[in-house]
Amino acid sequence: MNLFVVLFCFLCFPLLTLSSGNVLSRSDFINTGRVCVQGLYPGSEEGWQVYSTASDPDGRCMCTVVAPARNLCKRDPRSRQLRSLTEQVQNVSQSMEVVDLRTSRDLQYVRDSEPLLRGVDGRLHTYVASPRSLTARSLQELKGQMSQLRPLLSVVEQYRLDLQTLATLRMELLNLSIVLTAIQEEIGAYDYEELQQRVLLLETRLHSCMNKLGCGRLTAVSNPITVRASGSRFGSWMTDAMIPSSDSRVWSMDGYYKGRRVLEYRTMGDFTKGQNFVQHLLPHPWAGTGHVVYNGSLYYNKHQSNILVRDWFIPNRVRRHHCQPCPLCLQVSRLDPHSLEVLHSWDTGFPKRSAGEAFMICGTLYVTNSHLAGAKVHFAYHTNTSTYEYTDIPFHNQYSHISMMDYNPRERALYTWNNGHQVLYNVTLFHVIRSDG
């Protein structure tokens, strides 16, 4: 993979997406050769439907995209079982809450009645031992105390009913356990090794299909998605498109020149919250905002020079490359990412003074006509054919001053620094399918 530089440096990678702009999981694509088949997916009679297909110029189907039909999961017997179990668990939980609340209330009433019960019990023992001490007045007092204790009869009756309820709940929980065990045994019947082999086969077909799909031409830019508001008017932020997708680190470089501090965040979520970051101090100050992190290395332009620096984020691991100045027009160079040797250069003929921001997608340089509000993607230079065209692709410049715009093929999005805001744009690409014939 080569490194492209425009003024400072930009990257070019192959891209896979749909012209409609929808982003699909990579496991949705199946290479099928000359005919469209469902591959490892179930047939349409089992609820799957063809979502989209891609054909070569001769009409031969090369890839098909399939997706579950709507409400397919709701028709799955196991799904219905699980929904029924969920409802039963909710019912049991609600019943337990009612019993618990009622028991707590009644228990408090019994505790409050305990002194009265002890008093009645003591008086009864006295009257049994000495019947002559029982007078009409004391008998009336005893009847009054007994009337106060009469509600205890309903409490005892409720306890008896609650015991029956608990017995019923116990049977329901036992039935739930039996059903869950049956579902677990059914799911466990699938052989893990077999499923893993099927996944590997699907990925192999996917890569074969991706190799046949050509890069897309930019046709639209989505509405902006503000990720964070931080930093000054100028800056740069990025992720590494060459490392595994499980590595979601984010790098941020605030400022336009003389900066040396690079912040490395563990995840995009940490970057959004401004937490869990490591600070790197560069050996040289940078200039501009056209920096990029590529395969674990940072590439940036040294301040007050035409030197491109590669930094491994490790002390004493820096490589420099002198760029030939291009006084009037934008120039694109493809570099070896290790030695920084220039492999090829193109003079686009587009004047620097007319350019706002620029970015590379699949070997094509796209240039905006301004960094202010109302900007459009105005110019495209195709390095594979050394040809150019003028375009008219509008996008919303929400914060009115874009100082950095770079394309990340892994995320299939434009990263921008817009007046102290870190913003993403999704893109729509039109695909050209290469034919084997």
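Numbered according to mature numbering (1 follows the signal peptide of the UniProt record, and there is no 0), the sequence shown spans residues -19 to -1, 1 to 418. We treat Cβ as the ideally placed atom computed from N, Cα and C, and that holds for glycine.
- Bounds of any alpha helix (DSSP H) do not take in T270, whose DSSP letter is neither H nor E.
- No Cβ-Cβ contact shorter than 8 Å links L395 with R198.
- In the same chain as Y246, and ignoring 5 residues on each side of it, the C-beta atoms closer than 6 Å to its own belong to V231, F252, F258, in chain order.
- Uninterrupted beta strand (DSSP E) stretches at least 3 residues long and entirely within the region 206 to 292 occur at 206 to 210, 216 to 219, 231 to 235, 242 to 246, 258 to 262, 273 to 275, 278 to 282, 288 to 292, given in chain order.
- The continuous stretches of alpha helix (DSSP H) do not include Q379, and DSSP gives it neither H nor E.
- Within the model, the alpha-carbon separation for V408 versus C343 is close to 13 Å.
- In the DSSP secondary-structure assignment, Y396 is bridged to D387, L405.
- The count of Cβ pairs closer than 8 Å, one atom from the region 349 to 356 and one from the region 371 to 390, reaches three, so the stretches are in contact.
- Following the DSSP letters along the chain, one finds S314 inside the beta strand (DSSP E) bounded by residues 310 to 316.
- If you look at L130, you'll find it in the alpha helix (DSSP H) that goes 117 to 130.
- The three-state secondary structure of H303, taken from DSSP, is strand.
- D228 places its beta carbon 8 Å or farther from that of G212.
- The three-state secondary structure of L353, taken from DSSP, is strand.
- Here Y281 has W267, H272, V290 as same chain residues with Cβ atoms under 6 Å from its own Cβ, once five neighbours each way along the sequence are excluded.
- The Cβ neighbour count for M152, taken over all protein chains shown within 10 Å, is under 16; the residue is labelled exposed.
- Relative to Y371, the option among S381, S335, H352, P132 whose CA is nearest is S335.
- For the 8 Å CB-CB criterion, L244 and Q256 do not form a contact.
- DSSP places A339 inside the beta strand (DSSP E), whose first and last residues are 339 to 342.
- For L321, the closest alpha carbon among the candidates G337, H303, V80, N204 is that of H303.
- Put simply, of S111, K254, G337, L98 the residue whose alpha carbon is nearest the alpha carbon of Q126 is L98.
- Per DSSP, the unbroken beta strand (DSSP E) holding T329 starts and ends at 323 to 332.
- Between L157 and V70, the C-beta gap is smaller than 8 Å, which places the two residues in contact.
- Inclusion of T220 and N389 in the CB contact set at 8 Å is warranted, their separation being smaller than that value.
- P112 counts as exposed, since fewer than 16 other beta carbons sit within 10 angstroms of its beta carbon.
- Burial state of P96 is exposed, judged by a 10 Å Cβ sphere holding fewer than 16 other Cβ atoms.
- Distance from the CA of Q75 to the CA of T67, rounded to the nearest whole angstrom, comes to 12 Å.
- Annotation for S226: R391 place their beta carbon closer than 8 Å to its own, counting only its chain and skipping 5 residues before and after.
- Around the beta-carbon of V404, 16 or more other beta-carbon atoms lie within 10 Å, marking it buried.
- C-alpha of D93 to C-alpha of T162: approximately 46 Å in a straight line.
- For the 8 Å CB-CB criterion, G330 and H352 do not form a contact.
- When the five nearest sequence neighbours on each side are left out, the beta carbons in the same chain lying within less than 6 Å of the beta carbon of L279 are those of D292, in order along the chain.
- Between R209 and H382, the C-beta spacing is not below 8 Å.
- Judged by DSSP in its simplified three-state form, T368 adopts strand.
- Per DSSP, the beta-bridge partners of R198 are F411.
- The residue among V73, N204, H284 with its C-alpha nearest the C-alpha of L147 is V73.
- Leaving aside the five residues that flank F294 on each side, the residues in its chain whose CB is nearer than 7 Å to its CB run, in chain order, H261, L279.
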